[in-house]
Amino acid sequence: MKFTRKGVIAVIAVIVAILFIGGGRSVYKKYTKDYVYDSVRYVDGQPVGAVGEASEVTQVLVNGRDDSKVSDLKTYSNPEYGITFQYPAKYIPTQFPKGSEGLLPFFQYKDPNKTLSSVPDFLDVRWLSVKNGDNVEEVMMKDVVYDGSGFHPKSFNAFTPVRLGDNDFYKILTGTFEGVLGYRYYLVKSSGAFVFVLTSNGVPWTEPLFDPEKDTRHLELQEMLKTVKITL
4 MKFTRKGVIA VIAVIVAILF IGGGRSVYKK YTKDYVYDSV RYVDGQPVGA VGEASEVTQV
64 LVNGRDDSKV SDLKTYSNPE YGITFQYPAK YIPTQFPKGS EGLLPFFQYK DPNKTLSSVP
124 DFLDVRWLSV KNGDNVEEVM MKDVVYDGSG FHPKSFNAFT PVRLGDNDFY KILTGTFEGV
184 LGYRYYLVKS SGAFVFVLTS NGVPWTEPLF DPEKDTRHLE LQEMLKTVKI TL
């Protein structure tokens, strides 16, 4: 049987179309300048789709829908403090011994896409007590130390109120000093506040296009905070 060049191209086009339509899935690559800000879909702790160098990330489209932010979730619950929330299964939690005052879980995750640091990213969850007669705003300001300077906020206006899920949080950026991005989110209650302390290492802090708000760990933290439920 004799094949022409046009015939071969036509056959290949038909096969590609069948695979694309039948599978209901397509893959595309999205490029940033030097650093990946986007999440990759995880199933059973493993990334779906090929991940290349630090300057590219493969996202998966399922039936035309961006499914890159979908990941397996686990639930953390602490009846003693009356809090529950979900977190990505790829995060490794460390439980503190009972009796460790104010300490809740401590998470870490080593992002394979981050080549600027060998240190994992961290998320520390803790309880900040406020004694009777103390001003919660002043306690929060003293609790914050800006990275690189050691100073505290001079005004409570440094905190930004933000609504995530069912709760109101106070957010503050603590620094991007030497490639270490820090955020804190405070969920204020009557006797204190739950504090979510994010440390994202190896960020391209000197890049003009770097936006701390779009850091992958920061976006994941915001998704976690949307699931927070207070049970007491």
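In this text, residue positions in the sequence shown follow this note's numbering: the first is 4, and each later residue adds one. In this text, a Cβ means the ideal position worked out from N, Cα and C, and glycines have one as well. Since the structure is predicted, the reported quantities are computational estimates derived from the model, not experimental observations.
Check, Outcome
"How big is the Cα-Cα spacing for A161 and S80?", "30 Å"
"DSSP beta-bridge partners for V279?", "Given that the chain is displayed from residue 4 to residue 235, the structure contains no residue 279 and the question cannot be resolved."
"T97 bridges to which residues according to DSSP?", "F109"
"Can you tell which of F109, W130 and G136 has its C-alpha closest to the C-alpha of P123?", "F109"
"Of all the options P164, L201, K192 and V206, which has the alpha carbon lying nearest to the alpha carbon of G182?", "V206"
"Which whole-angstrom value is the C-beta distance of F172 and V165, which I expect to be below 8 Å?", "5 Å"
"Please determine, among N116, S132, D127 and K113, the residue with the shortest C-alpha to C-alpha distance to K192.", "S132"
"What first and last residue would you give for the alpha helix (DSSP H) that runs through T118?", "From DSSP, T118 is part of no alpha helix (DSSP H); its letter is neither H nor E."
"Quick one, which of R129, K232, L76 and K93 has its alpha-carbon nearest D169's?", "K232"
"Kindly indicate which three-state DSSP category K2 falls into: helix, strand or coil?", "No answer is possible for residue 2: it lies beyond the span of the chain, which begins at 4 and ends at 235."
"Is K3 helix, strand or coil when you go by DSSP?", "Because the chain in this structure spans residues 4 to 235, residue 3 falls outside the shown range and cannot be described."
"Going along the chain, which residues of its own chain have a beta-carbon closer than 6 Å to the beta-carbon of S203, five neighbours each way excluded?", "D124, L184, D218 and R220"
"What is the residue span of the alpha helix (DSSP H) that K134 lies within?", "Segment: none, K134 is in no alpha helix (DSSP H) and carries neither H nor E."
"Go ahead and pull the three-state DSSP assignment for G178.", "strand"
"Going straight from the alpha carbon of Y186 to that of L76, what length do you get?", "22 Å"
"Using only the alpha-carbon positions, how far apart do Q111 and A196 sit?", "22 Å"
"Exposed or buried, what is K174 when buried is set at 16 or more other beta-carbons lying within 10 Å of its beta-carbon?", "buried"
"With a threshold of 6 Å on Cβ separation, who are the neighbours of I24 within its own chain once the five nearest residues in sequence on each side are excluded?", "Note that I24 scores a pLDDT of 41, beneath 50, so its modelled location is shaky and nothing firm can be said."
"Can you tell me which of S194, P96, L167 and H155 puts its alpha carbon nearest to the alpha carbon of G178?", "H155"
"Report the CB separation of T234 from G85 in whole angstroms; it is logged as a contact under 8 Å.", "4 Å"
"Are the beta-carbon atoms of L201 and L126 separated by less than 9 Å?", "yes"
"Grouping DSSP H, G and I as helix and E and B as strand, with all else coil, what is D70?", "Residue placement at D70 is flagged as unreliable, the pLDDT there being 38, under the threshold of 50; the coordinate-derived value follows with that caveat. Coil at D70, not helix or strand."
"I need the boundaries of the alpha helix (DSSP H) containing V165, first residue and last residue.", "Looking at the DSSP string, V165 is not in any alpha helix (DSSP H); the run it does join, the beta strand (DSSP E), is T163 to L167."
"In this structure, how does DSSP classify K229 when only helix, strand and coil are distinguished?", "coil"
"Apply the 10 Å Cβ neighbour rule to N116 and answer buried if 16 or more other Cβ atoms are within range, or exposed otherwise.", "buried"
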